[in-house]
Each structure stands twice: as C-alpha cells, then as structure tokens.
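Counting from 4, one number per residue, gives the positions in the sequence shown under my numbering.
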Amino acid sequence: MKYTQLGRTGLKVSRLVLGTMNFGPQTNEPDSHAIMDAALDAGINYFDTANVYGWGENKGRTEEIIGNWFAKSPDHRDKTVLATKVYGNMAADGDAWPNHDKLSAVNIRRAVDASLKRLRTDYIDIYQFHHVDRATPFEEIWQAIDTLIQQGKILYVGSSNFPGYKIAQANEIAARRGGTIGLVSEQCLYNLAERRAEMEVIPAAQEYGLGVIPWSPLQGGLLGGVIKKEISGGRRASGRAADTLANPTSRAQIQAYEDLLDKHGIEPGEAALAWLLTRPGVTGPIVGPRTAEQLESALRAAELELSEEVLTSLDEIFPGPGPSPEAFAW
C-alpha cells in the first residue's frame, strides 16, 4: 500500500480509504470485522464513517460495529486513522428535537461525545462536517472545534459536500481567529462520470491545502462494468446507475467505456479507482466494500498503472469541464 500526506498536514494516510457505510445495513458485524481485518492487513490505515450510518432506526450502528472491532485489539485503534462525521439528524424517527442536528456548538459537543462512546475510543483523528450549515457562523463552529481539540477529543477537521466558496470561507475565518489549522480534507462526489468538482471544489481544496477524498468513485456502480453484468445475467443496475443507463446517450458512453477497458484487459471498477489516483489533489478515494471480494478488487486498483493511451481515451469518453475559471469564464 502506498501512503501520502493528508493535505498540508503531517498525517500519513493510505491511498485507499475504507468506507464503512455498508457495515450494518448491507454487511453484518462479523463480515464487517473481517473486511476491516483484511484492509488493515493490506495496509489501509484510513477508515471513514459517519454518526448517521446504519440509517433509520439503526443510526449509529456502523460506529458501534467499528467500536466493537477496536475493542478486540489495542493495535486496531493504534494503527487506524479514524474519520467520522457530524451534521445529520440522529433521531430514529427523523424528527429531531431542536439543536439535535447540524453544526451548532451545542450539537457538535453532543455529537462528538456520542460518537466517541459508540466508537469506544477517546479521540477521533478527523472530525468532518457532513454538510454545510447555512444557519451557523464559522466563528461559532471553530470555537466549538478549538475546545474539542484542547480537550483531546479530536485532532483534525474536514468537510464533506462543501462548495469551493465554503471551503475558502471556513479556512479564511479559521486563519483570522488564529490557532486553528482549519479544514484539512474535503470529501466530495468525484469520479469519471461526475467531474463537476474540478470546477471549484478541487481548486479550492488545493489552494487551501486540503486533501481530496472522493466518494462514490464508481458512481453508484455505473463505472463497475454494469452493462457487462447486465448482459451476463448478473446484478442489474439500480438507483443512480439505472437512471443514467435509461438515457440512450449515457448508455452509449458507458458502453464505450466498457469496450475500451475490455480491449485493454482491465476491469472497469479497478480502472475507475486507478484513474482517481492519478488526479491532482486526490489523497485517495473511498471504497465501500460489502464483501471481501470487493475489497480485493479495490486493492488491485491501487497497484494498477493506466497507460497514457488509456488515460487519453478515458478523457475523450468522459471529458471534464476543463481548467477553472476558463471552463466557465471564456
């Protein structure tokens, strides 16, 4: 496994990030623990979760599964860079009591303590804002974060699903306050089929020294060989992938993608991950395996070197917006 610095920090993290969103809803606890064991054995040290994972009446369940895994061995926590998130409504019925969601100082304090209890640890390496909170000023947010850092409950702070201007605003206010390092990472939707992050989010992250952590690297399965699986009688596309394939133009684009990789003997899902690892500013994509086999595929992608011919062809099939601001200014 290769490692890199997380943004401008001294923290070394693996080029693949283990996403845990499926732990609980899709993958039971023993299998989830087996996947985490295999990931750590392969050198993946960056584990990502969120307080709401588990969903519905099981919100928090994913953090509990991770906490139980930490409790099995002190080496687990010591070797893991742990990231979780705050923002979502944690009420099981979806009807949050006032101040039980978003990024007010009172909810941040409450949410951190609840996550620490579920995770069975006394600190979180990277505490991430899961979404922008338009009602809470960053002065209040950073004051709450400074307190948590001083208490040793969190070490770094990241964002998720932030537009470029909010990354800039958050870090400018942090700089004016002094003593706060500000955001060090941004998790954003970014993959071959969804490259809008190149317009503003990734340039802002690079300018302010944030590591970029792409989520949904396979665009909901769309980039994982979905047409080939359909034809062979395998799992059919669903959700975002099915919606895209319903459009004839988009389906032809995915077919061209699969044909290209078939010609070069490369698995589509592995190519999509390998492509992200070539992108400027990207620390590592989040892989969310439901099974050990899916983790093995992701690990192969980390070692895959795409030729210039393949990279050029991928750009032709999935053209990005181009450099910012020229892409929209001239």
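Idealized CB from N, CA, C, for every residue including glycine.
Asked                                                                                                                        : Found
Residue from Glu197, Pro140, Ile157 with nearest C-alpha to Ala173                                                           : Pro140
Buried/exposed call for Glu142, threshold 16 Cβ in 10 Å                                                                      : exposed
Under 8 Å between C-beta atoms of Leu280 and Arg11                                                                           : no
Cβ distance (whole Å) where Ile170 is taken to contact Ala147 below 8 Å                                                      : Not confirmed; about 19 Å, so no contact.
Minimum length 4: unbroken alpha helix (DSSP H) runs contained in the stretch 269-303                                        : 271-279
Cβ pair Leu248, Ser219 closer than 8 Å                                                                                       : no
Exposed unless 16 or more other CB atoms sit within 10 angstroms - verdict on Tyr211                                         : buried
Per-residue DSSP class, three states only, for Lys15                                                                         : strand
Cβ neighbours of Gln190 in the same chain (closer than 6 Å, five flanking residues each side left out)                       : Ser163, Ile216, Trp218
Residue environment, Asn102, which counts as buried when at least 16 other CB atoms sit within 10 Å                          : exposed
Under 8 Å between C-beta atoms of Gly391 and Asn54                                                                           : Since the first residue of the chain shown is 4 and the last is 333, residue 391 is not available in this structure.
Extent of the continuous alpha helix (DSSP H) run through Gln172                                                             : 167-180
Cβ-heavy atom distance, Ala173 to the ligand ATP, below 7 Å                                                                  : What this structure holds is no ligand at all, so the ligand ATP is not there to describe.
Ile47 (DSSP reduced to helix, strand or coil)                                                                                : coil
Beta carbon of Ala42 nearer than 8 Å to that of Leu21                                                                        : yes
Where Val109 sits in the DSSP three-state scheme                                                                             : helix
Distance, Asn61 Cα to Asp96 Cα                                                                                               : 10 Å
Three-state class that DSSP yields for Ser42 in the structure shown                                                          : The question names Ser, yet the displayed sequence has Ala at residue 42. If DSSP states are grouped into helix, strand and coil, Ala42 belongs with the helices.
The stretch 269-283 touching the stretch 292-304, judged by at least three CB pairs closer than 8 Å                          : yes
Burial state of Glu175 (16 or more Cβ within 10 Å)                                                                           : exposed
For Ile152 and Thr183, the rounded distance between their alpha carbons                                                      : 9 Å
Buried versus exposed, by CB contacts within 10 Å (16 or more), Gln222                                                       : buried
The stretch 121-138 touching the stretch 86-94, judged by at least three CB pairs closer than 8 Å                            : yes
Gly161, DSSP secondary structure in three states                                                                             : strand
CB contact flag (Leu186, Leu213, <8 Å)                                                                                       : yes
Top-ranked residue by Cα proximity to Thr52, from Met39, Asp44, Gly46                                                        : Met39
Cutoff 6 Å; reference Gly291; Cβ partners in own chain excluding five residues on either side                                : Gly22, Met24, Asn25
Proximal residues to Phe321 (C-beta, below 8 Å), its chain only, five neighbours per side dropped                            : Leu195, Ala196, Arg198, Gln256, Tyr260
Beta-carbon contacts of Arg243 that lie in its chain and below 6 Å, excluding the five residues immediately before and after : Gly223
Coil, strand or helix - Ser316 by DSSP                                                                                       : helix
Leu309 (DSSP reduced to helix, strand or coil)                                                                               : coil
Secondary structure of Ser219, DSSP reduced to three states                                                                  : coil
Distance, Gln258 Cα to Thr252 Cα                                                                                             : 10 Å
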